[in-house]
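Okay, so here's the structure we're looking at.
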Amino acid sequence: MKAIRTHEPTAGIGGLVYEDVPDAKAGLCEVLIKVVACGITHTELDWPIWTCRAGHRREAIIPGNEVSGVVTALGYGTAGFAVGDEVFGLTDQLRDGAAAEYVAVEARNLAPKPRSLDHFQTAAVPRAGLTAWQALFDHGKLEKGQTVVVHGAGGAVGSVAVQLARWAGAEVIGTGREHSRALATELGAERYIALDNGGLDEIAGQADLVVDTVGGEVLTASSALLRPGGTLITIKAAAEFPTDRDDIATIVFVQLPNRDQLVEIARLIDDGHVRPQVGAVYPLAEAAQAFTVKAAGGVPGRMILRP
Ligand SMILES: NC(=O)c1ccc[n+]([C@@H]2O[C@H](COP(=O)([O-])OP(=O)(O)OC[C@H]3O[C@@H](n4cnc5c(N)ncnc54)[C@H](OP(=O)(O)O)[C@@H]3O)[C@@H](O)[C@H]2O)c1
Numbered sequence: 321m322k323a324i325r326t327h328e329p330t331a332g333i334g335g336l337v338y339e340d341v342p343d344a345k346a347g348l349c350e351v352l353i354k355v356v357a358c359g360i361t362h363t364e365l366d367w368p369i370w371t372c373r374a375g376h377r378r379e380a381i382i383p384g385n386e387v388s389g390v391v392t393a394l395g396y397g398t399a400g401f402a403v404g405d406e407v408f409g410l411t412d413q414l415r416d417g418a419a420a421e422y423v424a425v426e427a428r429n430l431a432p433k434p435r436s437l438d439h440f441q442t443a444a445v446p447r448a449g450l451t452a453w454q455a456l457f458d459h460g461k462l463e464k465g466q467t468v469v470v471h472g473a474g475g476a477v478g479s480v481a482v483q484l485a486r487w488a489g490a491e492v493i494g495t496g497r498e499h500s501r502a503l504a505t506e507l508g509a510e511r512y513i514a515l516d517n518g519g520l521d522e523i524a525g526q527a528d529l530v531v532d533t534v535g536g537e538v539l540t541a542s543s544a545l546l547r548p549g550g551t552l553i554t555i556k557a558a559a560e561f562p563t564d565r566d567d568i569a570t571i572v573f574v575q576l577p578n579r580d581q582l583v584e585i586a587r588l589i590d591d592g593h594v595r596p597q598v599g600a601v602y603p604l605a606e607a608a609q610a611f612t613v614k615a616a617g618g619v620p621g622r623m624i625l626r627p
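Just so you know, we're using my numbering here: the sequence shown kicks off at 321 and counts up by one.
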């Protein structure tokens, strides 16, 4: 089958090649999916993905952990899906991803595709949806009536976080670059602060929860936005980050696959509460271009590959 691969940990986007690779095969409790659309995260090649769970160094990596497609085969003992089912999900980040014609995925990491979206829109959902859900609800314990600040509100994760927080009855303050103001506001942010002009001071001490998808100076400045007892969550730090406050909680996390949450997010999509953002769709062979364009900034939402 054709796939995108990288063979060198330090090669970055320049190391991506379009080539023939061995056919994917469904193993124990897995399904084989014919990939219709694959979502990429432009930073994913920088993550610690070169050592598999058994501790072996991976020789090559097929990127793209977000998949939407059609089940073409079931592995030994796989229940809950049938050949022909339209599914979506987040693949295990330490296995080959979905930037390929086919991908084998653990059935537990998949859910039925939302009825109201096509595959290209659906492939924008798994990582953004699960990360936003887990930030707001699993880690952030967001409650109705609370105020949440979402940094990077026009991005793939941030735009879903804005919508989920609104659905949960929270007041949402979005931040990001000026070009994302209209989108974040349309998706449900009551207020928007363009970080190009500074401006975080005006919301000091107003948030119960901060969800940071930007990192750096924005993360450093975020402790001051919280009320006493509030929570600062970032998906942009590798470990603990410094804060001068001992009356707030700080959390760094990486999203996990979760079928139940995918099912719930799909329901919210079909009920009209959440609309995933697709930045652009590229042919699989042009994956490197998709990574490059997204990394340059200014493209809202997720880049999608089409095998
Ligand atoms: N830990 C986890 O589980 C996890 C999960 C998913 C993603 N991530 C990471 O989280 C980050 C966000 O992911 P994503 O897919 O949502 O990316 P994205 O679509 O690029 O979203 C980031 C948003 O923040 C904006 N932004 C970036 N730097 C900014 C700055 N200095 N000031 C103001 N706005 C800024 C971007 O605008 P521009 O496009 O104009 O730059 C974009 O709107 C990525 O770095 C990704 O690696 C982590």
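Positions of the beta carbon are idealized from the N, C-alpha and C atoms, including for glycine.
Using the beta-carbon count (16 or more within 10 Å), is residue i buried or exposed?
{"i": "glutamate 537", "result": "exposed"}
{"i": "serine 436", "result": "exposed"}
{"i": "cysteine 358", "result": "buried"}
{"i": "glycine 274", "result": "A query on residue 274 cannot be resolved here, the shown segment of the chain reaching from 321 to 627 and no further."}
{"i": "lysine 614", "result": "buried"}
{"i": "histidine 327", "result": "exposed"}
{"i": "glycine 592", "result": "exposed"}
{"i": "asparagine 578", "result": "buried"}
{"i": "glycine 621", "result": "buried"}
{"i": "histidine 376", "result": "exposed"}
Alpha helix (DSSP H) containing residue i: first to last residue?
{"i": "serine 436", "result": "No alpha helix (DSSP H) contains serine 436, which DSSP labels as neither H nor E."}
{"i": "glycine 536", "result": "536-540"}
{"i": "alanine 448", "result": "446-453"}
{"i": "aspartate 590", "result": "579-590"}
Going by the DSSP bridge assignment, what does residue i pair with across the sheet?
{"i": "cysteine 358", "result": "Val387, Leu625"}
{"i": "isoleucine 493", "result": "Val469, Arg511"}
{"i": "phenylalanine 457", "result": "Paired residue(s): none; phenylalanine 457 is not in a bridge."}
Using alpha carbons as the reference points, say which of the options lies closest to residue i.
{"i": "serine 543", "options": "Gly449, Ile568, Leu503", "result": "Ile568"}
{"i": "alanine 586", "options": "Thr392, His439, Trp367, Thr533", "result": "His439"}
{"i": "leucine 365", "options": "Ala485, Ala420, Pro432, Gly332", "result": "Gly332"}
{"i": "alanine 402", "options": "Ser388, Gln413, Pro432", "result": "Pro432"}
{"i": "leucine 604", "options": "Ala419, Lys345, Val468, Val341", "result": "Ala419"}
{"i": "cysteine 372", "options": "Gly404, Asp412, Pro434", "result": "Asp412"}
{"i": "arginine 547", "options": "Asp528, Gly535, Leu515", "result": "Asp528"}
Taking residue i as part of the beta strand (DSSP E), name the residues at either end of that continuous run.
{"i": "glutamate 426", "result": "422-426"}
{"i": "valine 619", "result": "Neither: valine 619 is in no beta strand (DSSP E) and is coded neither H nor E."}
{"i": "arginine 325", "result": "322-325"}
{"i": "leucine 546", "result": "546-554"}
{"i": "leucine 484", "result": "Where leucine 484 is concerned, there is no enclosing beta strand (DSSP E), although the alpha helix (DSSP H) it sits in stretches over 476-487."}
Going by the CB atoms, is the gap between residue j and residue i shorter than 8 Å?
{"i": "tyrosine 396", "j": "methionine 321", "result": "no"}
{"i": "alanine 427", "j": "glycine 347", "result": "no"}
{"i": "leucine 336", "j": "alanine 608", "result": "yes"}
{"i": "glycine 384", "j": "glycine 417", "result": "yes"}
{"i": "leucine 394", "j": "valine 351", "result": "yes"}
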